[in-house]
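Just below is one structure, and these are the notes that go with it.
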Amino acid sequence: MANDARLGLGTVVKRGDGAATEVFTRIDECIQMPEIGLENPLVDVTYTDATAREYIAGIPDGMELDFAFNYNSADTMQAGLITDVQSRLNRNFQVTVPAASTKTLSFTLTCLKWSLETMFDKQIILHYKGKVSGSVTIA
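Sequence positions in the sequence shown follow the numbering used here and run 1 to 139.
Structure representation (structure tokens):
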């Protein structure tokens, strides 16, 4: 029996330009796509005469996302990631994933960190980290 599993190949990450009518541009050479989502923390609401612990879900908290790209010093989108961190910005992103029908995840990242990984025997990698601020929508 066939299933609906899909390879991650074809997943695209795009960075918004911050304009009033926002345009999203692909960031090329993504080699590591993180898990994207929200997590509800546990809130302990156990009362004093309870027979077992009781919990409710707290306010959703965005995940920290770690991306990796084959570094291209001439790429304006990769340079923009570095500038966003240096400027302490929140930036809108979209990730389009292949599925039975293509889905786009939209979210805002608080831009936290960038770094270059260089080794003499492999490609230079741009690492980029942000934390989801707000919700993640899927359309």
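Ideal Cβ positions, reconstructed from N, Cα and C, are used throughout, including at glycine.
Compare the beta carbon distance of L112 and I124 with 7 angstroms and say whether it is the shorter of the two.
-> In this structure, L112 lies away from I124, with their beta-carbon atoms at least 7 angstroms apart.
In whole angstroms, what separates the C-alpha of V43 from that of N90?
In this model, V43 and N90 are separated by some 28 angstroms (Cα to Cα).
Notebook entry, point to check: Can you give the beta carbon distance from L38 to S135, rounded, assuming they're within the 8 angstroms contact cut?
Noted result: Contact between L38 and S135 is confirmed by a C-beta separation of about 7 angstroms, below the 8 angstroms threshold.
Can you tell me whether DSSP reads T51 as helix, strand or coil? Three-state DSSP puts T51 in coil, outside helix and strand.
Please identify the residue among P98, N92 and A139 whose C-alpha is closest to the C-alpha of A20. Ranking the options by Cα distance to A20, first place goes to N92.
* In chain order, what residues of the same chain have a beta carbon less than 7 angstroms from the beta carbon of E64, not counting five sequence neighbours either side? -> Cβ within range, chain order: K129 and K131.
> What's the call for Q32, buried or exposed, on a 16-neighbour Cβ count within 10 Å?
Replying inline: Q32 comes out exposed.
ask   = In chain order, which alpha helix (DSSP H) runs of at least 4 residues are fully inside the segment 44 to 119?
value = If we require 4 residues or more, the alpha helix (DSSP H) runs fully inside the segment 44 to 119 come out as 76 to 86.
| message | For D61 and I36, I'd like the C-alpha separation in whole angstroms. | response | D61 and I36 have their alpha carbons spaced roughly 12 angstroms apart.
Could you please give the first and the last residue of the uninterrupted beta strand (DSSP E) stretch that includes L126? Run containing L126: K122 to V132, per the beta strand (DSSP E) assignment.
- Using DSSP with H/G/I as helix, E/B as strand and the rest coil, what is L38? If DSSP states are grouped into helix, strand and coil, L38 belongs with the strands.
> Alpha carbon to alpha carbon, how far is T108 from C30?
Replying inline: Just so you know, the alpha carbons of T108 and C30 end up roughly 18 angstroms apart.
DSSP beta-bridge partners of G16
Among the bridge pairs identified by DSSP, G16 is matched with F24.
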